[in-house]
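Data block below; observations after.
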Amino acid sequence: MQIGNDARQSRGRIACLSGRMAEDGVALHYEAAGCALLERRWRGPAGEIDLIFRDSEGLIFVEVKKSSSHDLAAQRLDRRQMDRICLSALDYAGRVDAGRPVAMRFDAALVDEIGRIEVIENAFGMN
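According to this note's numbering, the residues represented by the sequence shown are 9 to 135, in order.
So, in structure tokens, the structure goes:
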């Protein structure tokens, strides 16, 4: 059925654009705080990291979640996804810092339906 496929594709495009807009807003938020944006949607062997920044203390890996509220956005981040992000972050840090120890922080940036951003620093990490 073509009509159903068209509607599904349209929803997919809207979700993709909405996600990119959320990431853009979060990137501006971090840059305003003095962080340097290094990567957008960096893909490692374990998965994708939405945004990667560097500040004076080290690398910041940010997972952006968008939903109608910050609470609902936070619920969309599960343990399996956090583990994949941590594994990809280790791979990234090993590549860019040539194996030297580097401080790493894992943040969750929650974006609600009107674009308000709530950042949870050190939202998760490696066990």
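Yeah, the Cβ is synthetic: ideal placement off N, Cα and C, and Gly gets one too.
Burial is judged here by how many other beta carbons sit within 10 angstroms of a residue's own beta carbon; Ala81 has at least 16 and is buried.
Assigned with DSSP and collapsed to three states, Leu85 falls in coil, not helix or strand. Around the C-beta of Leu59, 16 or more other C-beta atoms lie within 10 Å, and the residue is accordingly described as buried. If you keep only unbroken beta strand (DSSP E) runs of at least 3 residues inside the segment 85-132, you get 112-119 and 125-128. If you look at Ala41, you'll find it isn't in any beta strand (DSSP E); DSSP assigns it neither H nor E. For the pair of segments examined, the segment 32-39 was found to touch the segment 118-128: the number of CB pairs separated by less than 8 Å reaches three. Distance from the CA atom of Trp50 to the CA atom of Ser75, rounded to whole angstroms, is 22 Å. In the structure shown, Glu71 falls within a strand segment according to DSSP collapsed to helix, strand and coil. Separation of the CB atoms of Arg62 and Ala40 is rounded to 15 Å, and the pair is thereby denied contact status at 8 Å. The C-beta of Asp14 has fewer than 16 other C-beta atoms within 10 Å across all chains shown, which makes the residue exposed.
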